[in-house]
Amino acid sequence: MVHSIKKVVILGSTGSIGRQTLEVVRSLPDHFKVLGLAGGANVNLLKEQAGEFRPEYIYCRDCHKESACNSRFIPMEEMAALPEADVIVVATPGGAGLQPVLAAAKAGKVIALANKESLVSAGEIVTGIVRENKAKLLPVDSEHSAIWQCLSGEVTPPSRIILTASGGPFRSLTKNEIDKVTPEQALKHPSWKMLKVTIDSASLMNKGLEIIEARWLFDMHIQNIQVVIPAVV
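Following our numbering from start to finish, the sequence shown increments by one per residue and tops out at 439.
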């Protein structure tokens, strides 16, 4: 069977989701081709990725255009709306992902989303533009991707959604003990070092953001989204 090769743009290619996406592309060269890469502070890794995958387009927040590895240097918003792109992976952290998501949605793209901030800050706008332009918004990170996969093919929408949570590292502390927690303690995550995201995870703020994200991804009233602690994770 002959497969058409899908051209993929990866925004945030040097982060965890971006690197995993490139692993998939690397393992399935007859199915995917990297059209564009975008990265931030990890300039050396971005250069390595560009050298291996030879994207036509590149964006580097922290490097000069002349070091773009023979690829055309364009902004992320422009890259997200490239006519020849089939899939836009948005794995950039924070508010930097919003404009590319909007650009991809307006262009009617398949958006593989790993940027909750775009939905937290502008969920109604993003989902409205997605519907208007017949784009597709696919969650690729965390519980939301698992829920989306569970719902795939289902005819009847769910009446509620349950998100899992560990409770964070300070779950067993009393209120007085929590008041004395230091930033250094909150940053001691056993699995990753992600600065603000680590703090948000320790304080459960990140779970609050995920509730808002789920509300827009699954068109679910926020009162019907629950969080269960403890969870087996």
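Beta carbons are placed, not taken as given, at the ideal position from N, Cα and C, and that holds for glycine. Please read these numbers as outputs of a predicted model, since none were measured by experiment.
Residue environment, I435, which counts as buried when at least 16 other CB atoms sit within 10 Å | Taking the sequence shown and counting its residues from 1, one reaches residue 435 at position 229. Exposed is the call here.
Less than 8 Å between the C-beta atoms of K322 and A341, yes or no?
Indexing the sequence shown from 1 puts residue 322 at position 116. Indexing the sequence shown from 1 puts residue 341 at position 135. Between K322 and A341, the C-beta gap is not smaller than 8 Å, which leaves the two residues out of contact.
Q | Option nearest R337 by Cα separation, candidates W354, I317 and D236 | A | Working through the sequence shown from its first residue, we reach residue 337 at position 131. For R337, the closest C-alpha among the options W354, I317 and D236 is that of I317.
| How big is the Cα-Cα spacing for M282 and E229? | Against the sequence shown, residue 282 aligns to sequence position 76. Against the sequence shown, residue 229 aligns to sequence position 23. Going from the Cα of M282 to the Cα of E229 covers about 21 Å.
When DSSP labels each residue in this structure, what does R232 get in the three-state scheme? As a working mapping, residue 232 is identified with position 26 in the sequence shown. Residue state, collapsed to three classes: helix.
Taking 8 Å as the threshold, find out whether the segment 296-312 comes into contact with the segment 215-232 through three or more Cβ pairs.
Contact between the segment 296-312 and the segment 215-232 is present, because at least three Cβ pairs lie under 8 Å.
Open item on the list: What does DSSP give as the partner residue(s) for I264 in the beta ladder?
Closed with: Taking the first residue of the sequence shown as position 1, residue 264 is located at position 58. L243 and F279.
How far does the alpha helix (DSSP H) with L251 in it extend, from its first residue to its last? Position 45 of the sequence shown, counting from 1, holds the residue named residue 251. That run of the alpha helix (DSSP H) goes V249 to F259.
Beta-carbon proximity of L369 to I418, cut-off 8 Å | Here residue 369 is taken as the residue at index 163 of the sequence shown, counted from 1. Here residue 418 is taken as the residue at index 212 of the sequence shown, counted from 1. Not closer than 8 Å, so no.
Short of 8 Å in beta carbon distance, which residues of its chain neighbour S233, apart from the five on each side in sequence? Order them along the chain. Numbered from 1 along the sequence shown, position 27 holds the residue referred to as residue 233. Result list for S233: empty, nothing under 8 Å.
Exercise for the section: Would you give the residue range spanned by the beta strand (DSSP E) that Q432 belongs to? Expected result: Indexing the sequence shown from 1 puts residue 432 at position 226. Counting along the chain, Q432 sits inside the beta strand (DSSP E) bounded by residues I431 to V434.
Next on the checklist: Can you check which of these residues, L401, Q305 and E290, is closest to P389 by C-alpha distance?
Outcome noted: Here residue 389 refers to the residue found at position 183 when the sequence shown is read from its first residue. The shortest C-alpha separation from P389 is found at L401.
In terms of alpha-carbon separation, which member of L410, F376 and D425 lies closest to I331? Residue 331 sits at position 125 when you count from the first residue of the sequence shown. The candidate whose alpha carbon is nearest that of I331 is D425.
ask   = Who are P345's beta bridge partners in DSSP?
value = Translated into positions along the sequence shown, residue 345 becomes position 139. BP columns for P345 point to L319.
Problem - Residue(s) in a DSSP beta bridge with I367 - result: Position 161 of the sequence shown, counting from 1, holds the residue named residue 367. DSSP lists I431 as the bridge partner or partners of I367.
Quiz prompt | Spatial distance of S222 from D347 (CA atoms) | solution = Counted from its first residue, the sequence shown places residue 222 at position 16. Counted from its first residue, the sequence shown places residue 347 at position 141. Their backbone Cα atoms lie some 10 Å apart in a straight line.
Chain-order list of residues whose beta-carbon lies under 6 Å from that of L251 (same chain, five-residue window excluded)
For this step, residue 251 is matched to residue 45 along the sequence shown. Cβ-Cβ distances below 6 Å link L251 to T220 in the same chain, with the five nearest sequence neighbours on each side left out; the list follows chain order.
### Unbroken alpha helix (DSSP H) run spanning K381, endpoints
Along the sequence shown, one-based indexing puts residue 381 at 175. For K381, the enclosing alpha helix (DSSP H) starts and ends at K381 to D385.
Chain-order list of residues whose beta-carbon lies under 6 Å from that of I216 (same chain, five-residue window excluded):
As a working mapping, residue 216 is identified with position 10 in the sequence shown. For I216, same chain residues with a beta-carbon under 6 Å away, outside a window of 5 residues either side, are G224, T227, L243 and V295 in chain order.
Which residues in the same chain have their Cβ closer than 7 Å to the Cβ of I428, if we skip the five residues on either side of it in sequence?
-> For the purposes of this step, residue 428 is taken as residue 222 along the sequence shown, with counting starting at 1. Excluding sequence neighbours, I428 sits near I417 and R421.
Practice prompt. Round the Cβ separation of G373 and A408 to the nearest angstrom and send it over; I've been treating them as touching at under 8 Å.
Written response: Against the sequence shown, residue 373 aligns to sequence position 167. Against the sequence shown, residue 408 aligns to sequence position 202. Their Cβ separation, rounded to whole angstroms, is 10 Å, which puts G373 and A408 out of contact at 8 Å.
Using the C-alpha atoms, what's the distance from G414 back to P364?
-> As a working note, residue 364 is residue 158 in the sequence shown. As a working note, residue 414 is residue 208 in the sequence shown. It is roughly 20 Å from the alpha-carbon of P364 to the alpha-carbon of G414.
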